[in-house]
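Inspection log for the structure reproduced underneath, given as structure tokens.
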Amino acid sequence: MKFVDEFRDGRLAQTIARAIAAEATPDRRYAFMEFCGGHTHAISRYGVADLLPPQVRMIHGPGCPVCVLPIGRIDQAIHLALQRGVILCTYGDTLRVPASDGLSLLKAKARGADIRMVYSAADALALAQAEPQREVVFFAIGFETTTPPTALVLQQARRLDLRNFSVLCCHVLTPSAIGNILESPEVRELGTVPIDGFVGPAHVSTVIGSRPYEHFAEEYRKPVVIAGFEPLDVMQAILMLVRQVNDGRCEVENEFSRAVCRDGNLKAQQRVSEVFELRKSFEWRGLGVVPYSALRIREAYAEWDAERRYVLDYRGVPDHKACECGAILRGVKKPTDCKLFATVCTPENPMGSCMVSSEGGCAAHYTYGRHRERAA
Amino acid sequence: MSRGRPYVRPLDLKRGCVDLSHGAGGRAMQQLIDELFVPAFAGGTAVARGDDGAVLPELAYGERAVIATDSHVVSPLFFPGGDIGSLSVHGTVNDLAMMGARPLYLSAGFVLEEGFGLGELARIVASMGRAARAAGVQIVTGDTKVVEQGKGDGVFITTTGFGALPAGRALSGAHARPGDRILLSGSIGDHGMAIMSLRESLAFETEIVSDSAALHDLVAALLAAVPSSSELADPARGLRLLRDPTRGGLASTLNEIALQSGVGIELDETAIPVRPQVAAACEFLGLDPLYVANEGKLVAVCAAADTDRALAALRAHPLGADAAIIGEITDDPQHFVQMRTGFGGRRNVDWLSGEQLPRIC
Amino acid sequence: MCLAIPARVVEVLAEDQGIVDLGGIRKQISLELIDGAAVGDYVIVHVGYALSRLDPAEAERTLALFAAAEAAMNEGAADGAGGTAA
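Protein chains in written order, with numbering that gives the first Met the number 0: chain E, 0 to 375; chain H, 0 to 360; chain W, 0 to 85.
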């Protein structure tokens, strides 16, 4: 696979590892947050942590749209499928996320709900066309990467005047979440949670560009290096962050220049802004209610907005009391600091958001990294 | 059982469908058996048919009977490299082979859905017969039931296999010991991705073919070169166990072995063969080939001293041409399966949690 | 988040559709979010949509950067060898 395999080369990994080890000052601590679940996954899946010197520590961020999807939103989707009799189309990722009453979309399906896994938003639209007598709802989750395709199908639905199709919009915004982490007291108050820099999103940035991060670099004095999701990309980004810290720089650098430019994909941004507007607030699992951190469907597309069409109220549902996901997502705690980790909270029976998707910090550690606990 | 006269009209394999009478025990069912199943399963030494069960000949002196059963549901029913018929033979033959047994007989239970085309059923049954003859096993008894439309997925097939385990031979998932080597007979993920590529919502064009195959001949070749440790009566030598990594993939099979034997496992990622197309399809769908199903591969664990001999025996057989040594058994009270990644790091290889679902993130 | 993979455009179809190839796997995707995709281009594919075009020259540059990591270290030249501030 061209442009994939080259970026997984173990020999080059050793080269970059040696450079990181040599350039990271031994008596200094470097803590970098990889925002995206894609980076978390790459770090765990390829064993990147084994190639880092002990003074460089990675903190897993909240950039997994499945993990941050609150229970109340899944409840809405289940309600539509079970009580309102719609065909609910969803990406495979959300099927196992636990909701209220011991349910998940998969369990709702077992109770008779018509839930279909789709690979693409376009598949959901096609299903609505094929089954005009049924109401089809697309459960739209994801960050800026996944939003433009949803915008396109909403525009298409309006063009076709397809009245049996609507979208339950749960699209969220990356910069708001980064801002929320940087504003949290633990991070702001010096010394509690040192985050020395961010590995910035890969595919989100292909859409929004690198410009939105410039604010963080300036305002919060944190270096950001946008990086691809292949393991060498992550290694290189860590090296670039170490160099910024050593030099006292706080810049936005772009390691993923093969796919990301400063302005991003303007066409995609245009489509998104035609269809969506900012929500005043949105609840994130783990982070709580974050102002202006998500999108809702504009008035012009109200017909195709499942929240309006089915008059859905949002009801927040708290996580398990002992769950430490919020603190873990902000880098305050590690998965192993949580009493529930690997005892009652496992990938088969996730209690908190970080255990839900394989990209979540807890699930990644449970699945790929438990051997590390012994070494530590 | 032979009938005095043929039925008024032969089964209409072009347009005919399964209906409820085909499972009701009357003449329609008998006709289905006589015209569709019996000819397809013909061949081999005579085992009397028509009674409620089959009486099997005696085993050789010292041999023990091994029994294994497997239910087969697959969608779609026909896929590149096989169909539910051949799969239902291979699956059970392989279960017997993994025990070290020589597969001999199968029973076959069919659950048919009302409305299922008789032509398709005939194709499946013919494929089953061919697979059985190729594997040298006889289908000696069976059963057919019909469920109403909407209550089945065309056809479900349960096969039960009987095999003969030679005197002294013992293979078990509990026999792995630290220091043993782990061999894999070829590339992983082919069956699962061949099926996945045909699923409506994921459809992509590919030449991936299911690896569905009967492995007993490969096993015989391996055991001829490296008998089980119990046959050799030497704990430092011989074959410990065989497993076919079907559902849950290689990762789940290795975790089963680690747990059953109370050991750990250390894998070398670069040694595990994955076809480029399977790797690419997995990238598209966010799947890990370690968790994708196989239907014609085996995992063998043997004493370190016999590793080369075992590898050579596997590679000399067409079904084991790409065989590789993929890791070793370690001492680990937590029974972790770990892997040295091609990238130079380490990771756990956990059980599959839930179902292997395509993901977008 | 956001599983996406670079694949090569092998066919451009009507209505902003296209066929991409990844390691011998072919799939129809939408090219609607990018302008002027041509056969031979590599595009980043996410949920069946091309999100951006991949720049082969930049990819080469980044790979060269990996190889140069050690050289830079040996020279003690730790100046920002990465991509410029976007």
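Virtual Cβ for every residue (Gly too), placed ideally from N, Cα, C.
Contacts between Pro-275 of chain H and chain W, judged by CB atoms closer than 7 Å, involve Gly-22 and Gly-23 in chain order. Taking a 10 Å sphere around the C-beta of Leu-95 of chain H, we find 16 or more other C-beta atoms and assign the residue as buried. Take Leu-238 of chain H, set aside five residues on each side of it, and the residues of its chain with a beta-carbon closer than 6 Å to its own are Val-225, Ser-227 and Cys-301, in chain order. The C-beta of Val-44 of chain W comes no closer than 8 Å to any C-beta of chain E.
Within the stretch 347 to 375 of chain E, the runs of alpha helix (DSSP H) that reach at least 4 residues and sit entirely inside it are, in chain order, 360 to 363 and 370 to 374.
Residue environment for Ala-121 of chain E: buried (at least 16 other C-beta atoms within 10 angstroms of its C-beta). Non-local beta-carbon contacts of Val-203 of chain E in its own chain, meaning distances under 6 Å to residues more than five positions away in sequence, involve Phe-142, Glu-143, Thr-144 and Thr-173 in chain order. Only those residues of the stretch 47 to 60 of chain W whose C-beta falls short of 9 Å from the nearest C-beta of chain E are listed: Gly-47, Tyr-48, Leu-50, Ser-51, Arg-52, Leu-53, Asp-54, Pro-55, Ala-56, Glu-57, Ala-58, Glu-59 and Arg-60.
Listed along the chain, the chain E residues whose CB falls inside 7 Å of the CB of Ala-66 of chain W are Leu-11 and Thr-14.
At a cut-off of 8 Å, the C-beta of Thr-158 of chain H has no neighbouring C-beta in chain W. Taking a Cβ-Cβ cut-off of 7 Å, the neighbours of Gly-285 of chain H in chain W comprise Leu-2, given in sequence order.
Where His-316 of chain H is concerned, there is no enclosing beta strand (DSSP E), because DSSP gives it neither an H nor an E. Using a CB distance below 9 Å, the part of the stretch 244 to 261 of chain E facing chain W consists of Asn-245, Asp-246, Arg-248, Glu-250, Val-251, Glu-252, Asn-253, Glu-254, Phe-255, Ser-256, Arg-257, Ala-258, Val-259, Cys-260 and Arg-261, ordered along the chain. The stretch 119 to 163 of chain H is shown to contain whole beta strand (DSSP E) runs of 3 or more residues at 137 to 146, in chain order. Annotation: the stretch 174 to 212 of chain H contains the following complete segments of the beta strand (DSSP E) (minimum length 3 residues), in chain order: 180 to 183. In this structure, the alpha-carbon of Gly-151 of chain H lies about 37 Å from that of Gln-16 of chain W. With respect to Pro-147 of chain E, Val-271 of chain E sits close: the two C-beta atoms are nearer than 8 Å. Burial is judged here by how many other beta carbons sit within 10 angstroms of a residue's own beta carbon; Asn-93 of chain H has at least 16 and is buried. Nearest Cα to Arg-7 of chain E within the set E:Phe-228, E:Ser-209, E:Thr-39 and E:Leu-105: E:Phe-228.
Judged by DSSP secondary structure, Ala-6 of chain W falls within the beta strand (DSSP E) whose first and last residues are 4 to 11.
The C-alpha of Tyr-367 of chain E lies about 13 Å from the C-alpha of Pro-334 of chain E. Among the residues facing chain E, Pro-288 of chain H is not included, as its CB has no counterpart in that chain under 8 Å away.
Remark: C-beta atoms of Leu-217 of chain H and Gly-99 of chain H do not approach each other more closely than 8 Å.
Excluding the 5 residues flanking it on each side, Pro-5 of chain W has same chain C-beta neighbours closer than 6 Å at Tyr-41, Ile-43 and Leu-53, in chain order.
At the C-beta level, Val-233 of chain E and Val-259 of chain E stay beyond 8 Å of one another.
In the DSSP assignment, Gly-263 of chain H is bridged to H:Thr-329. Counting only residues of its own chain and dropping the five nearest sequence neighbours on each side, Ser-186 of chain H has a CB closer than 8 Å to the CB of Asp-210, Pro-272, Val-273, Arg-274, Val-277, Lys-296 and Asp-321. Checking the DSSP bridge columns, you'll see Lys-26 of chain W partnered with W:Val-19. In the DSSP assignment, Gly-60 of chain E is bridged to no other residue. Sequence-ordered contacts of the stretch 229 to 243 of chain E with chain W read Leu-231, Asp-232, Met-234, Gln-235, Ala-236, Leu-238, Met-239, Val-241, Arg-242 and Gln-243 [C-beta pairs closer than 9 Å].
Asp-179 of chain H and Gly-23 of chain W have their C-alpha atoms some 37 Å from each other. Leu-51 of chain E and Arg-346 of chain H have their C-alpha atoms some 14 Å from each other. Under the three-state reduction of DSSP output, Cys-322 of chain E falls in the coil class, being neither helix nor strand. Using a Cβ-Cβ cut-off of 8 Å, Cys-63 of chain E is close to Cys-360 of chain H, given in chain order.
The criterion of a C-beta distance shorter than 8 Å is not satisfied by Leu-81 of chain E and Ala-98 of chain E. Non-local beta-carbon contacts of Met-338 of chain H in its own chain, meaning distances under 6 Å to residues more than five positions away in sequence, involve Leu-266, Glu-268, Arg-346 and Val-348 in chain order.
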